[in-house]
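> Listed in order, the protein sequences are those of chains D and X.
Under this note's numbering, residues 553 to 888 are what the first sequence spells out, in order.
Under this note's numbering, residues 2 to 466 are what the second sequence spells out, in order.
Glycine included, C-beta positions come from ideal geometry on N, C-alpha and C.
This is the structure, below, for whatever I ask next.
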Amino acid sequence: MTTAVAIVLFFGVTAYAVFAGADFGAGFWDLIAGGAERGAKPRALIDHSIGPVWEANHVWLIFCLVVLWTGFSSAFQSIMLTLFVPLTLAALGIVMRGSSFAFRKSVFVTKQQRVYGAVFAMSSVLVPYCIGAVAGAIASGRVPAGGKAGDWWSSWINPTSVLGGVLAVAVCAYLAAFYLVADADRLGERELVDYFRRRAIIAAVVAGIIAFAGIFVLHADAKYIFDGLTSRALPCVIVSAICGVSSLVLLARGRRQLTRVLAIAAVATVVIGWGVAQWPYLLPVSMKLSQAAAPDATLETILVVFVAAAVLIVPSLALLYHLDQRSMLASEGVSQ
Amino acid sequence: MNALIAVDPVPWARSQMAFTLGFHIILVPLGVSWAFMALIANWRAIRRNDADALALAQRWSKYMAVTFAVGAVTGTVLTFEFGLLWPTFMGRFGAAFGIPFAVEGLFFFAEAIFIAIYIYGWERMKPWPHFWTLVPIIVSGIGGTVSVVAANAWMNEPGGFTLDSAGKVTNVHPLNVIFNSAMPLEALHMVLAAYLVGGFLIASVYAVAILRGRRDRYHMLGFVIPFTVAALATPVQMFVGDTLARWVYKNEPAKFAAIEIVPKTSSDVPEILLGHLNSNGTESGGIKIPGLASWLSSPSGGKNTTIKGRNAFPTANEPTIAETNVVHLAWDIMVGLGTALFLLSAWYALYWLFRRRAPLIKPFLWLAAPAGVASVIALEAGWVVTEVGRQPWIVVNYLKVAAAATTNGGVWITFIVISVLYLVVGVTLILVMRHMSRRARATPGADPPDDSDAPYGPRPGVLVS
Numbered sequence: 553m554t555t556a557v558a559i560v561l562f563f564g565v566t567a568y569a570v571f572a573g574a575d576f577g578a579g580f581w582d583l584i585a586g587g588a589e590r591g592a593k594p595r596a597l598i599d600h601s602i603g604p605v606w607e608a609n610h611v612w613l614i615f616c617l618v619v620l621w622t623g624f625s626s627a628f629q630s631i632m633l634t635l636f637v638p639l640t641l642a643a644l645g646i647v648m649r650g651s652s653f654a655f656r657k658s659v660f661v662t663k664q665q666r667v668y669g670a671v672f673a674m675s676s677v678l679v680p681y682c683i684g685a686v687a688g689a690i691a692s693g694r695v696p697a698g699g700k701a702g703d704w705w706s707s708w709i710n711p712t713s714v715l716g717g718v719l720a721v722a723v724c725a726y727l728a729a730f731y732l733v734a735d736a737d738r739l740g741e742r743e744l745v746d747y748f749r750r751r752a753i754i755a756a757v758v759a760g761i762i763a764f765a766g767i768f769v770l771h772a773d774a775k776y777i778f779d780g781l782t783s784r785a786l787p788c789v790i791v792s793a794i795c796g797v798s799s800l801v802l803l804a805r806g807r808r809q810l811t812r813v814l815a816i817a818a819v820a821t822v823v824i825g826w827g828v829a830q831w832p833y834l835l836p837v838s839m840k841l842s843q844a845a846a847p848d849a850t851l852e853t854i855l856v857v858f859v860a861a862a863v864l865i866v867p868s869l870a871l872l873y874h875l876d877q878r879s880m881l882a883s884e885g886v887s888q
Numbered sequence: 002m003n004a005l006i007a008v009d010p011v012p013w014a015r016s017q018m019a020f021t022l023g024f025h026i027i028l029v030p031l032g033v034s035w036a037f038m039a040l041i042a043n044w045r046a047i048r049r050n051d052a053d054a055l056a057l058a059q060r061w062s063k064y065m066a067v068t069f070a071v072g073a074v075t076g077t078v079l080t081f082e083f084g085l086l087w088p089t090f091m092g093r094f095g096a097a098f099g100i101p102f103a104v105e106g107l108f109f110f111a112e113a114i115f116i117a118i119y120i121y122g123w124e125r126m127k128p129w130p131h132f133w134t135l136v137p138i139i140v141s142g143i144g145g146t147v148s149v150v151a152a153n154a155w156m157n158e159p160g161g162f163t164l165d166s167a168g169k170v171t172n173v174h175p176l177n178v179i180f181n182s183a184m185p186l187e188a189l190h191m192v193l194a195a196y197l198v199g200g201f202l203i204a205s206v207y208a209v210a211i212l213r214g215r216r217d218r219y220h221m222l223g224f225v226i227p228f229t230v231a232a233l234a235t236p237v238q239m240f241v242g243d244t245l246a247r248w249v250y251k252n253e254p255a256k257f258a259a260i261e262i263v264p265k266t267s268s269d270v271p272e273i274l275l276g277h278l279n280s281n282g283t284e285s286g287g288i289k290i291p292g293l294a295s296w297l298s299s300p301s302g303g304k305n306t307t308i309k310g311r312n313a314f315p316t317a318n319e320p321t322i323a324e325t326n327v328v329h330l331a332w333d334i335m336v337g338l339g340t341a342l343f344l345l346s347a348w349y350a351l352y353w354l355f356r357r358r359a360p361l362i363k364p365f366l367w368l369a370a371p372a373g374v375a376s377v378i379a380l381e382a383g384w385v386v387t388e389v390g391r392q393p394w395i396v397v398n399y400l401k402v403a404a405a406a407t408t409n410g411g412v413w414i415t416f417i418v419i420s421v422l423y424l425v426v427g428v429t430l431i432l433v434m435r436h437m438s439r440r441a442r443a444t445p446g447a448d449p450p451d452d453s454d455a456p457y458g459p460r461p462g463v464l465v466s
């Protein structure tokens with residue numbers, strides 16, 4: 553039962569990384585798109601692609617937090633006590649990002665739009681960095697078990713956390729660039745396809761280098777995870793590397809069919825690899841999942857809700873995507 | 002460095018939770034009940050081929066999206082805060098307290114998706130199927146409210162679990178956690194409040210517009226639909242609130258003693274309007290209505306009904322004198338404003354009855370215009386009664402607030418930062434909605450379907466930069 557809930561939790565983490573990651577990454581490209589005029593076109597595309605379901609992405613984060621606090625309460629307590637600073641920054645970043653995005657379409661004056669745009673873009677980098685740093689803190693065993701607080705600062709300012717934060721930002725940028733290439737392609741914006749393809753290639757290379765450098769960081773700073781990644785989780789690492797490299801090669805060759813799927817797979821397998829490498833610990837190496845687990849009835853409830861969500865939510869999401877596609881076809885017909 | 006900035010975190014954590022929840026709770030009624038108002042407008046639009054009603058439903062769907070978007074982020078912050086501010090609470094009771102939240106997540110997800118579907122569906126779905134997509138929004142709004150209030154009710158009347166010798170939660174009964182004894186009435190009270198506040202708040206905007214001379218059919222409809230919903234909810238709310246108060250008298254006597262500022266257990270307790278407790282624990286001031294508090298607590302027992310006073314509880318287990326005064330004042334404000342809103346609703350109903358139309362006359366509109374803000378104040382006051390009235394407990398008889406709070410001394414900083422941030426967000430939200438409505442007025446008739454105001458809506462097939 554504990555295992556099933558842990559898988560559900562990691563499913564949430566992976567979904568958040570893949571869906572919200574692309575959102576955050578789009579904010580990153582918005583941030584570095586340059587001056588108002590030069591960046592106008594890429595920003596318009598970013599706005600366009602981020603639109604439809606960005607709201608739903610918060611749900612994944614809330615889902616992870618609720619499963620963690622309900623299913624593994626005492627570990628949640630330790631994490632929240634120790635990582636107060638980065639988690640608070642992440643929460644503030646989410647408020648700034650969400651509200652500036654909701655508002656920036658509705659404010660008229662360009663100057664105001666720019667302010668909201670800037671807040672949106674900066675918080676899009678802040679939030680994944682903080683969440684990556686939190687992951688690094690947990691992975692490197694800096695969150696003590698038993699509802700105690702670890703060190704306020706060194707718990708999230710350390711080699712593994714910096715690696716986690718930087719890797720999270722890079723991965724988001726990588727994912728988003730691949731999505732944006734596909735969206736630009738669908739809209740027939742040749743110029744933007746090239747624009748984001750160049751950036752996608754750079755992001756893929758940078759993310760690859762960081763991931764590679766990360767191996768050494770983990771070897772020095774997070775031994776348990778390193779051992780896990782080189783044994784149990786090795787298949788995940790290999791699949792991730794293959795997907796990452798082939799997404800890059802295909803994109804560089806101008807192919808676009810499979811690239812997005814490969815990019816998603818590359819990111820998802822890294823996140824899953826982290827989970828497998830930590831197994832059976834929730835807080836390596838002081839607290840196992842089984843030690844933190846809630847009573848069975850609580851875990852059952854989580855699983856029941858999860859199944860109900862899958863049954864109810866998947867068809868509704870499908871309807872939403874269907875409508876999204878349909879609207880595009882309809883209005884394209886009018887404009888051509 | 003930690004020592005330099007460390008300040009006792011408990012009052013700051015309480016303030017931050019109170020402030021962020023107090024902010025979020027204003028958005029809740031709009032998220033919950035607006036879809037229902039849109040449902041009425043949309044139904045009218047299709048059934049009677051009413052262009053004004055159609056324009057209302059379309060515009061409301063966009064405002065709904067903006068308020069829901071902001072409500073989603075402030076709700077996300079609350080999820081963080083449960084852990085950041087109350088780690089011991091979550092660590093010890095998360096296995097029980099988290100259950101209603103897991104269910105709430107389901108409703109929240111459905112609501113987010115269907116709001117998007119509804120906005121997408123204009124012009125892209127046939128009218129009736131599109132109309133029906135409002136129903137999941139309404140159902141999940143109510144379901145989400147009931148789930149969250151179930152969690153709050155559980156804090157008042159914890160049940161559905163046992164503690165082992167180490168104080169760990171065992172033997173959880175999820176259904177007993179959700180359907181704890183305080184849940185049915187509390188949840189009903191809040192759902193009605195959402196419809197009442199949402200109705201008065203939306204109607205008040207149109208009341209102001211009509212007073213400013215926009216006496217067209219569109220604005221009148223925009224007033225009548227939400228005001229009717231609120232006017233229907235108000236008398237039911239009075240009845241439910243009264244029942245809930247008697248429930249609190251029976252089951253949460255310490256809270257009830259604070260509500261009625263009763264120093265000593267006695268019968269023939271007067272209802273004190275305003276008034277306060279002195280630092281020595283005696284009450285003074287206010288207008289006393291002899292025996293009424295006793296009579297209201299149990300009409301069958303009449304004046305002889307005994308009400309437990311503050312002396313019946315250990316001082317460490319009941320609200321402080323300052324907290325008691327806050328609870329009592331908040332109670333008076335809630336009941337006072339609720340009664341005023343009931344009288345306003347009665348006027349509305351009688352006018353309908355005798356004149357067969359809505360009282361769109363100046364004196365009535367002058368009172369309806371502030372009704373929205375008044376209902377929000379009543380909502381906040383009611384929430385203060387239940388929360389401050391529970392002090393010093395976070396989980397009654399199990400865990401005190403002070404023991405549940407974080408030990409991080411830097412909470413005062415996050416409180417200041419988050420307060421400033423929320424104020425900016427709140428002010429901007431109001432400005433943006435005003436701006437949207439001004440722009441909408443500039444283009445009469447139904448809105449263009451590709452209106453770009455909504456934070457998430459249909460995407461044009463071409464890039465607009």
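Taking only beta-carbon positions, decide if Leu85(X) is within less than 7 Å of chain D.
Your numbering for residue 85(X) matches position 84 in the second sequence. True, the Cβ-Cβ gap to chain D drops below 7 Å.
> Any idea what DSSP makes of Ile262(X), helix, strand or coil?
Here residue 262(X) corresponds to residue number 261 of the second sequence, with the count starting at 1. Note: Ile262(X) maps to coil in three-state DSSP.
> Tell me the rounded alpha-carbon separation between Val270(X) and Pro12(X).
Here residue 270(X) refers to the residue found at position 269 of the second sequence. Here residue 12(X) refers to the residue found at position 11 of the second sequence. Straight-line Cα distance between these residues: approximately 33 Å.
> Fully enclosed by the region 788-840 of chain D, which alpha helix (DSSP H) runs are 4 residues long or longer?
Entirely contained in the region 788-840 of chain D, the alpha helix (DSSP H) runs reaching 4 residues are, in chain order, 811-830.
> What residue range is occupied by the uninterrupted beta strand (DSSP E) comprising Lys289(X)?
For this step, residue 289(X) is matched to residue 288 along the second sequence. Segment Ile288 to Ile290, the beta strand (DSSP E) holding Lys289(X).
> Please identify the residue among Pro787(D), Met674(D), Gly702(D) and Tyr668(D) whose C-alpha is closest to the C-alpha of Trp581(D).
Against the first sequence, residue 581(D) aligns to sequence position 29. Among Pro787(D), Met674(D), Gly702(D) and Tyr668(D), the Cα nearest to that of Trp581(D) is on Met674(D).
> Beta carbons nearer than 9 Å to chain D: which residues of the region 115-135 of chain X have them?
Listed by position along the chain: Phe115, Ile116, Ala117, Ile118, Tyr121, Gly122, Glu124, Arg125, Met126 and Thr134.
> Evaluate the contact criterion for the region 112-127 of chain X versus the region 170-185 of chain X: three or more CB pairs, one atom per stretch, below 8 Å.
The region 112-127 of chain X vs the region 170-185 of chain X: no contact.
> Starting from the N-terminal side, write out each stretch of the alpha helix (DSSP H) that is 4 residues or longer and does not extend beyond the region 652-732 of chain D.
Complete alpha helix (DSSP H) runs here, min 4: 662-691.
> At 7 Å on the CB atoms, spell out the chain X contacts of Pro847(D), in chain order.
As a position in the first sequence, residue 847(D) is number 295, starting the count at 1. Here the neighbours are Ala96, Val170, Thr171, Asn172 and Val173.
> With burial defined as no fewer than 16 other Cβ atoms inside 10 Å of the residue's Cβ, what is the status of Asp217(X): buried or exposed?
By 1-based counting over the second sequence, the position of residue 217(X) is 216. By the 10 Å Cβ count, Asp217(X) comes out exposed.
> Decide if Gln809(D) is buried, meaning its Cβ has at least 16 other Cβ atoms within 10 Å, or exposed.
The count along the first sequence starts at 1 and reaches residue 809(D) at position 257. Result: exposed.
> Quick check on DSSP: helix, strand or coil for Ser166(X)?
The residue labelled residue 166(X) in the question sits at position 165 within the second sequence. Coil, per DSSP.
> According to DSSP, simplified to helix, strand and coil, what is Val426(X)?
The residue labelled residue 426(X) in the question sits at position 425 within the second sequence. Helix.
> Judging by CA-CA distance, which residue of Ala58(X), Gly292(X) and Asn50(X) is the nearest neighbour of Ala42(X)?
Here residue 42(X) refers to the residue found at position 41 when the second sequence is read from its first residue. That would be Ala58(X), whose Cα lies nearest to the Cα of Ala42(X).
> Under 8 Å by Cβ, that's how I've got Leu107(X) and Ala14(X) pegged, so tell me the actual separation to the nearest angstrom.
Start at 1 with the first residue of the second sequence, and residue 107(X) comes out as number 106. Start at 1 with the first residue of the second sequence, and residue 14(X) comes out as number 13. The Cβ separation is near 29 Å, so there is no contact.
> Would a check of beta-carbon distances place Thr80(X) closer than 7 Å to chain D?
The count along the second sequence starts at 1 and reaches residue 80(X) at position 79. Output row for Thr80(X): interface = yes.
> Of the choices Gly669(D), Trp708(D) and Phe624(D), whose alpha-carbon is the least far from that of Phe90(X)?
For the purposes of this step, residue 90(X) is taken as the residue at position 89 of the second sequence. Comparing Cα positions, the closest option is Phe624(D).
> Using a C-beta to C-beta distance shorter than 8 Å, which residues of chain D count as neighbours of Phe20(X)?
Taking the second sequence and counting its residues from 1, one reaches residue 20(X) at position 19. Within chain D, no residue comes near Phe20(X); the closest Cβ sits about 13 Å away, beyond 8 Å.
> Would you please verify whether the beta carbon of Met65(X) is less than 7 Å from any beta carbon of chain D?
In the second sequence, the residue the question calls residue 65(X) occupies position 64. No - not a single Cβ of chain D is within 7 Å of the one on Met65(X).
> Report the residue from Arg595(D), Leu781(D) and Phe563(D) whose alpha carbon sits nearest the alpha carbon of Leu732(D).
What you label residue 732(D) is simply residue 180 of the first sequence in a count that begins at 1. With distances taken between Cα atoms, Leu732(D) lies closest to Arg595(D).
> With H, G and I counted as helix, E and B as strand and the rest as coil, what does DSSP make of Glu112(X)?
Against the second sequence, residue 112(X) aligns to sequence position 111. Helix at Glu112(X).
> In three-state terms, what does DSSP make of Lys309(X)?
Within the second sequence, numbered from 1, the residue matching residue 309(X) stands at position 308. Reduced to three states, the DSSP call for Lys309(X) is coil.
> With DSSP as the reference, please indicate the residues paired to Thr171(X) in a beta bridge.
Position 170 of the second sequence holds residue 171(X). Beta-bridge pairing links Thr171(X) to Thr163(X).
> Could you tell me the alpha carbon to alpha carbon distance between Ala572(D) and Ser295(X), rounded to whole angstroms?
In the first sequence, counting from the first residue as 1, residue 572(D) sits at position 20. In the second sequence, counting from the first residue as 1, residue 295(X) sits at position 294. Rounded to whole angstroms, Ala572(D) to Ser295(X) spans 56 Å at the Cα level.
> In whole angstroms, give me the CA-to-CA distance for Ser838(D) and Ser267(X).
Counted from its first residue, the first sequence places residue 838(D) at position 286. Counted from its first residue, the second sequence places residue 267(X) at position 266. Those two C-alpha atoms are separated by around 55 Å.
> Only counting the same chain, and skipping five residues up and downstream in sequence, which positions put a Cβ closer than 7 Å to that of Val565(D)?
Taking the first sequence and counting its residues from 1, one reaches residue 565(D) at position 13. Same-chain partners within the cutoff: Cys616 and Val823.
> Applying a beta-carbon distance threshold of less than 8 Å, which residues of chain D neighbour Gly92(X)?
Along the second sequence, read from residue 1 onward, the residue named residue 92(X) stands at position 91. Under the 8 Å cutoff, chain D gives Ser625, Ser626, Phe628, Gln629, Ser630 and Gly699.
> Got a sec: is the Cβ-Cβ distance from Trp831(D) to anything in chain X below 7 Å?
Against the first sequence, residue 831(D) aligns to sequence position 279. By this cut-off, Trp831(D) is not an interface position.
> For Ile854(D), go through chain X and note every residue whose CB falls closer than 7 Å to its CB, in chain order.
Translated into the one-based positions of the first sequence, residue 854(D) becomes position 302. Correct list: Ala103.
> Beta-carbon of Ala689(D) versus every beta-carbon of chain X: anything under 7 Å?
Within the first sequence, residue 689(D) is the residue found at index 137, counting from 1. So no, Ala689(D) is outside the interface.
> Check each residue of the region 31-49 of chain X: if its Cβ is closer than 7 Å to any Cβ of chain D, include it; give the result in chain order.
Cβ contacts with chain D come from no residue of the region 31-49 of chain X.
> Beta-carbon separation of Leu297(X) and Ile288(X) under 7 Å?
Residue 297(X) sits at position 296 when you count from the first residue of the second sequence. Residue 288(X) sits at position 287 when you count from the first residue of the second sequence. No. Outside cutoff.
> Over what stretch of residues does the beta strand (DSSP E) that includes Val396(X) continue unbroken?
Here the question's residue 396(X) lines up with position 395 in the second sequence. Looking at the DSSP string, the run of the beta strand (DSSP E) that includes Val396(X) is Trp394 to Val396.
> By the 10 Å Cβ neighbour count, where 16 or more other Cβ atoms means buried, how is Ala574(D) classified, buried or exposed?
For the purposes of this step, residue 574(D) is taken as residue 22 along the first sequence, with counting starting at 1. Buried, because 16 or more other Cβ atoms sit within 10 Å of the Cβ of Ala574(D).
> Using a Cβ-Cβ cut-off of 6 Å (strictly less than) and excluding sequence neighbours within five positions of Glu261(X), which residues of its own chain qualify?
Within the second sequence, the letter at position 260 stands for residue 261(X). If we look at Glu261(X) and ignore the five residues flanking it on each side, its Cβ neighbours are Ala294.
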